Amino acid sequence: MNTRLGLNEDRIQRARSLAEEIAHPVRSYIERHTTVSVERATLRLFGLDGCDEEGTPTANLALHQLRDKVPHGAARYLLGALVKTGMTVEELDRAVAEGFDLAAQGLPDQGALEAKAAELVARVRHTLDTNREYRLQKIDQHREREHSPLLYVIVATGNIYEDVKQARAVVYQGADIVAVIRTTAQSLLDYVPHGATTEGFGGTYATRENFRIMRKALDEAGEKVGRYIRLVNYASGLCMPEIAALGALERLDMMLNDSMYGILFRDINMYRTLVDQHFSRMVSAYADIVINTGEDNYLTTSDAYEKGYTVLASELINERLAFDAGMPSRLQGLGHAFEMDPAIENGFLYELAQAALIREVFPSCPLKYMPPTKHMTGNIFAGYALNTLFNLVARMTGQEIILLGMLTEAIHTPFMQDRFLAIQNALYVFKNAASLGEDISFRENGIIRRRAAEVLDKTVEFLEIVAGKGIFESINQGLFADIKRSPSGGKGFDGVYEKAPDYWNPWENMLKEALFKGGKK
Amino acid sequence: MNTRLGLNEDRIQRARSLAEEIAHPVRSYIERHTTVSVERATLRLFGLDGCDEEGTPTANLALHQLRDKVPHGAARYLLGALVKTGMTVEELDRAVAEGFDLAAQGLPDQGALEAKAAELVARVRHTLDTNREYRLQKIDQHREREHSPLLYVIVATGNIYEDVKQARAVVYQGADIVAVIRTTAQSLLDYVPHGATTEGFGGTYATRENFRIMRKALDEAGEKVGRYIRLVNYASGLCMPEIAALGALERLDMMLNDSMYGILFRDINMYRTLVDQHFSRMVSAYADIVINTGEDNYLTTSDAYEKGYTVLASELINERLAFDAGMPSRLQGLGHAFEMDPAIENGFLYELAQAALIREVFPSCPLKYMPPTKHMTGNIFAGYALNTLFNLVARMTGQEIILLGMLTEAIHTPFMQDRFLAIQNALYVFKNAASLGEDISFRENGIIRRRAAEVLDKTVEFLEIVAGKGIFESINQGLFADIKRSPSGGKGFDGVYEKAPDYWNPWENMLKEALFKGGKK
Amino acid sequence: MNALKPYGDTLNDGRMQLSFTLPVPCSPRAREAALQYLRKVGLTDPQVVYSEALDEGFTFFVVYATSDAVIDYDTVKGAEKIEYMSFDEINEFIKEKIGRKIVVVGACTGFDAHTVGIDAIMNMKGYNHHFGLERYPMVEAYNLGAQVPNEALLDFAREVSADAVLVSQVVTQKDVHIDNLTELVELFEAENLRDRTILIAGGPRISDRLAMELGYDTGFGPGTYAEHVATFIVRKMAERGIS
Amino acid sequence: MNALKPYGDTLNDGRMQLSFTLPVPCSPRAREAALQYLRKVGLTDPQVVYSEALDEGFTFFVVYATSDAVIDYDTVKGAEKIEYMSFDEINEFIKEKIGRKIVVVGACTGFDAHTVGIDAIMNMKGYNHHFGLERYPMVEAYNLGAQVPNEALLDFAREVSADAVLVSQVVTQKDVHIDNLTELVELFEAENLRDRTILIAGGPRISDRLAMELGYDTGFGPGTYAEHVATFIVRKMAERGIS
Ligand code: B12
Ligand code: B12
Ligand SMILES: Cc1ncc(COP(=O)(O)O)c(C=O)c1O
Ligand SMILES: Cc1ncc(COP(=O)(O)O)c(C=O)c1O
């Protein structure tokens, strides 16, 4: 390991084994449970992704019908109906939209179900595999034109067609990654809206059609400039697994996906979140989609200097849970952020220490580094200076993915010109200070090294406490982000089900097979 | 010596001895010559600083009368007239303005002249001493509120009263130093204008009255915020020595003053410049005024990466000539600049190397670091980012004086808000990255160290050539800034005179006594 | 009468900096369009100091221009400076002038989840070393947190007989805050609670003027501390003779 | 007809960024004045997103506002894109269409000492890897440098029978460049040289339009290279049938 910070390797190992200890009961809980959204995701993977006249998705209509049968897995009813009626999935989807009852027919024998499942899984698997290969090939082809860190910008007009214009412009300007921010509170919707949308607040609805529209636009714009442009959305909120599934189908490349974000910041039930998170990650892992965890969010509510260790602690938990879902490090875009008060003396050094620390603890993760947001003000010039130093830290510490700070962060979702200025700033700093990180070393016992050691120590201390209490109780007591969430509280708890002994989910089986038993080609 | 860059001490010594070699013939030329402006400065120091109805200064009127007598020194005629007529200097000044002929009376005996000289020198010396002490006391009193580097801003409205408003605002905002930029081409005027002025282009006339007005305003504003605000002007151009004298009298604190700027950038004759420069520096040294040399100017015409060594070479010559004029290192504000093309890969590292190199070669000079100007464009945001990194280098390398970059550098002389944003940027960076310089070290054999060594080597090479050819011939051949100036060309050569054997200048004598024989209290 | 114009570096020079994007390809024609546009807006002597393509169909401009418009500063209303009471003064004032604890309920309403602002005003620890309302001995403060439906806020306010209700709105895209704030006032009016409740809105894009236009008693923007809000509430209560 | 308005993040939203200073103390009243001022200018929905005291008597504002003004882009004149000739094409063109070397004299006039710009156009090495006129085999170029009095430039131009005279003006404070440029044109006219000489002005604040208004054949601003100027000269000469 690279020891630029002179970190104590034992402490890092201790932290990791604490994370493992913390994850253990989570893992066994997950094993034993499913949720309505995992089931809907399963149905959608089989192709049930239309909607009725009111816009209610067929996946939701189906789950409504099957609400008593969830412990057994919804898949067998869909497959059963297909076998019994002889319809294609597309036909059945339309039928459900018109009121067709999946459970009405009864079930065929398990052999027939297995055969149907195998057929459909194989077909969709082919799509996922093709997507994965296409992406790998394109990235490979254009690798030398990518930036380091990759430039990540958001579009958030609320209107997918306007978003497309904005996205085209950033591709022209040099961005590598485009994230379509979701409308406020989509995380609280227990369904995924349908179709192209033009009305969102502070973001645009995540829908399959919107994914498609943006994917196409980015592919086209990328071809023009000879780069592969990555598309990002949110596998987060009450529909986490479904969005992961839709993203995999429509070749998204990254997904915001965190094990605790929804619990803490959206008051979604903790069990629901953890089960959903596991399934989502298996889907994303299979589809070779990078996840972005949400540790930056801790620092928008808590003080970044005081609570720097909560970021590292949460990353270790996210890492562990990602491994548990079969996701390799190279897909774990662990998040962190540059959020200290710019008025702090030597704050730049602390930011540098934090970013370098996280780099060293996770040497093979594509870290996602978030820009200053909380301390951005209406003084767009001061904000631009702040972003300049943020870009410098990103480059110096070898981050992989950098979400570009907007000078208008405190004012509005980005204007087209705001993103341009952000990209210009980053390109300037990356080139002008290209080798700065390697050309200097941190003084022994200096401020930077001491700060990194301190954060690591505090992380271990904190994880000891969490491991002692258990993660569920720790969240209950408000140990994370000063926010208390009770185990049975929050949204979506009624959508969590204990699996019956005969629970059957061909997609889960396939994913496990592929991810854990080397079945992935 | 601090060896952060691992510099070769021998090379530095070699460079210094080459500078000494180069300065040698200059010194002997200076010893043997005077100029009209040295004489006018002498008269002004004695108090002849009025003007006639057309605004022609009495110092110029006097020199016109005495044009044939310059080799003997103008002072004796002024003193003679005072002795003969019994007038006070103030009365004589008015008389000259009305046509009184200084030489008409003939001269009294040398004893009477010496006595009169002693009386007047003592009186004015008292003023200079009081100024010096006042400044030292104020700086001492408020030291902990000063910034490091000192924040230096310019005002340049062309109107002294408007300049005052701007200056008050920057004091409020935190600036430590205010420079009143001169109107275009004042350097080419062979007289110092008189009175308060409101009409200048790109700057405000340097006049004694303007000095007074601004001095008073800064003292008042400084008292209010509890800081001593330094005032800067230009002892440069055809009236270099006179402005140095007026600045000393009006308690200016810094003076732009360079041994070659006028020659190269204003096409002023080289002999004239070098003689003027020497006298000016003696005056400034006596008055404890810091000079700012103009090496930044090389980089506005030549490429900063290619010609970085010319800056160091010129600084070594400026240093030598300053020592020759009795000026200690602590008053030598040697200039350098952050002027590399921001599009250069690793340009930030080269700037860092250059700034650290100059810091190490001149450990006890109050270095003056100039901001990006040439590569500033109408994109004020990009400019603000550039200034952010400039501020960072300034702080990291421990510069003493930093002229703040303006985001509108490519557009107009600064608006009030431009300076505010510049000060905010600097204060942010200085505090947020306060200890960065000390907390890191430059990798052995890294880009930064190699660049510093390379610039030092090239400087030695270059000085070898200049020493070989002699400085006059080197300038003639265009070795500095790619600009060729012939020894007898340029403005003001007709104002240079060989001293007669009986040349007598009581001020020169006093200054030499004070500066070289420990006569300064 | 005091004629007011922007100040660049000389009184009344009227200079302003602008930046904006036009949806046309970057070209001499686009630059000419930018100049004509600014003249149409009424600015004189516009100078495009920077223009660059944002892509094939959009151009970004940085411009300096002169505005000849003048307003009479003497007729501009607004406080030169507002005198706020301190933590102690406020508690003292409540004791003396109102004679009982006052009840304040706050929430971030609608789908807005930005609680940092309302927390800054209400939570114990406050913000920037200014204590929040929970710390005031004479204030009974209830912070309902994020994403609170307007109906729930109303119900709670009625239940605790709130003297003042604080509403935070941070997301303003498509004027969602206007709709939300308006709905709340209408609810209070429909339930005949408007008159006995001081309604205060706050958030980074909220101004005194906007809040009053929407039917609130006042509004607070960036840089607000608890004592600002409390000063307003207690003075208003005293003024209305509430006790 | 093509209605044009600024673009923030949605077509025709008209959003613009402004910053400026008002010579009044920072206060709620100053912020109100800023809003009223912008409405007076004709902008709607102005939002002061930042205001700060520059000292006791001045306040700095950053504002976003909407402009409802519209111009018709179809009526805006100006090149979509100008096709310039290359180094080789220009020399070839001169050989073919003019049949002799052309004579170009350049200077930075008045008290202006900013030679970098004119040097960029004229000197051998040129600028940004674009050769200067001295390098063109078919151009006889004279660069008189800095601080050249208008009379001296005229005399020299007459002496060498200049086909084109290039004037650089960089300092623009108090419109000193306008006075300088105007004087030169008047001198050329007084000496009856105007018609036989192509007069071109250049500098960071010079535009085509400004130069033409002052009586020049054209003007060039930032980002100019020698081939741009040369293209203009040779086309103009050919057009006028000069040879
Ligand atoms: C922190 C933050 C978050 C956190 C919120 C955590 C939390 N628990 O609050 C998280 C990460 C969850 C978040 C999420 C989102 N955010 Co957000 N977020 C911010 C951020 C960075 C800082 C806000 C903040 O905390 N400021 C500090 C506080 C102290 O300031 P303040 O809110 O202005 O409050 C002060 C005053 O206004 C006043 N005040 C405020 N409320 C009240 C109420 C009363 C009664 C009174 C008297 C005073 C008062 O007093 C306070 C103290 O002085 C801003 C950008 C920025 N720098 O402002 C974006 C920002 C507000 N977010 C934005 C958006 C769009 C979102 C999302 C919708 C994005 C998305 N689609 O996912 C989501 C969804 C959130 C939702 N549903 O509401 C936009 C809003 C754009 C707009 N104008 O509409 C902003 C401006 C960022 C941007 N440029 O895009 N966000
Ligand atoms: C370098 C420089 C200097 C150098 C000049 C050295 C030299 N030999 O030229 C020095 C240090 C001597 C200097 C001094 C001063 N300067 Co100066 N300087 C600059 C600076 C930093 C860069 C100018 C430059 O070289 N640009 C690069 C060239 C390539 O660009 P350009 O000139 O725009 O030229 C291009 C085009 O415009 C065009 N072009 C230009 N001329 C022509 C002519 C023709 C015919 C054509 C076709 C095209 C053309 O083609 C060129 C290539 O594309 C600018 C700030 C800036 N970043 O722009 C200030 C600036 C121009 N200076 C300024 C001032 C005020 C001064 C002083 C008056 C300050 C003072 N009072 O002491 C002095 C005095 C100079 C004088 N008497 O003229 C101001 C002018 C403000 C204004 N708008 O009026 C500026 C803008 C700085 C500022 N913000 O205050 N300066
Ligand atoms: C993991 C994660 N999910 C979701 C979001 C977005 O918020 P919302 O809950 O409104 O979708 C974020 C924002 O940072 C996030 O980090
Ligand atoms: C030493 C010196 N003198 C004078 C000046 C100012 O120029 P001018 O010659 O117009 O006074 C400068 C500008 O940088 C300078 O460095």
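Chains as they are written, first to last, in numbering that gives the first Met the number 0: chain A, 0 to 520; chain B, 0 to 520; chain C, 0 to 242; chain D, 0 to 242.
Every residue, glycine too, gets a C-beta built ideally from N, C-alpha and C.
Source: prediction; values computed, not measured.
8 Å Cβ cutoff, residue i in contact with chain B
i: A:R418; result: no
Own chain partners of residue i with C-beta closer than 6 Å, once the 5 adjacent residues on each side are dropped
i: C:A140; result: V103, M121, L132 and E133
i: A:D189; result: L237
i: D:A229; result: I89
i: B:E399; result: P148, P365 and L366
i: B:M0; result: Below a pLDDT of 50, predicted positions are generally treated as unreliable, and B:M0, at 42, falls in that range; no measurement from the model is reported.
For residue i, the nearest candidate out of the options (CA to CA)
i: C:H176; options: C:Q146, C:D154 and C:D194; result: C:Q146
i: B:E497; options: B:S16, B:R10, B:I447 and B:V37; result: B:V37
i: B:G246; options: B:E460, B:I288 and B:I482; result: B:I288
i: C:F60; options: A:D417, A:T458, A:F479 and A:R448; result: A:D417
Cutoff 8 Å: residue i Cβ touching any chain C Cβ
i: B:E161; result: yes
i: A:M269; result: no
i: D:P5; result: yes
i: B:M0; result: Any reading at B:M0 is ruled out, since the residue's pLDDT is 42, under 50, leaving its predicted position unreliable.
i: D:S66; result: yes
Contacts that residue i makes with chain D (C-beta to C-beta distance below 7 Å)
i: C:L143; result: Those do not exist, as C:L143 stays about 28 Å from chain D at its closest Cβ, beyond 7 Å.
i: B:R300; result: Before going further, note that residue 300 of chain B is Thr rather than Arg in the sequence given. The answer, in chain order, is V115.
Cutoff 8 Å: residue i Cβ touching any chain A Cβ
i: B:D175; result: no
i: B:G445; result: yes
i: C:S18; result: yes
Under 8 Å by beta carbon: chain D residues contacting residue i
i: B:F264; result: A112
i: B:A184; result: F110, A112 and Q146
i: B:G157; result: Q172 and K173
Contact set between residue i and chain C, taken where Cβ atoms lie within less than 8 Å
i: A:Q172; result: L53 and D54
Chain C contact residues for residue i, given Cβ-Cβ distances below 9 Å
i: B:T412; result: D8
i: D:R28; result: Y72, V75, K76, G77, A78, E79 and K80
Contacting residues, own chain, Cβ-Cβ under 7 Å from residue i (five flanking each side not counted)
i: B:T183; result: F200, G201 and G202
i: B:G307; result: Q353 and V454
Close beta carbons around residue i, own chain, < 8 Å, minus the five adjacent residues each side
i: A:K519; result: With a pLDDT of 47 at A:K519, under the threshold of 50, the modelled position of that residue is not reliable, and the figure given next carries that caveat. Result list for A:K519: Y285 and A513, in chain order.
Within chain C, the residues that residue i reaches when beta carbons sit closer than 7 Å
i: B:G377; result: V48, Y49 and V61
Residue i: contacting residues in chain B (beta-carbon distance under 7 Å)
i: C:R234; result: In chain order: nothing, as chain B lies at least about 32 Å away.
i: C:R14; result: F414
8 Å Cβ cutoff, residue i in contact with chain D
i: A:K519; result: In this prediction, A:K519 has a pLDDT of 47, which is less than 50 and means its spatial position is unreliable; what the coordinates show is noted afterwards. A:K519 does not count as touching chain D.
i: C:F219; result: no
i: A:Q136; result: no
Inset, instruction - Mind checking the stretch 368-400 of chain B against chain E and listing, in chain order, the residues whose C-beta falls within less than 9 Å of any C-beta there? - result: Of the chains in the structure shown, none is chain E; the protein chains are A, B, C and D.
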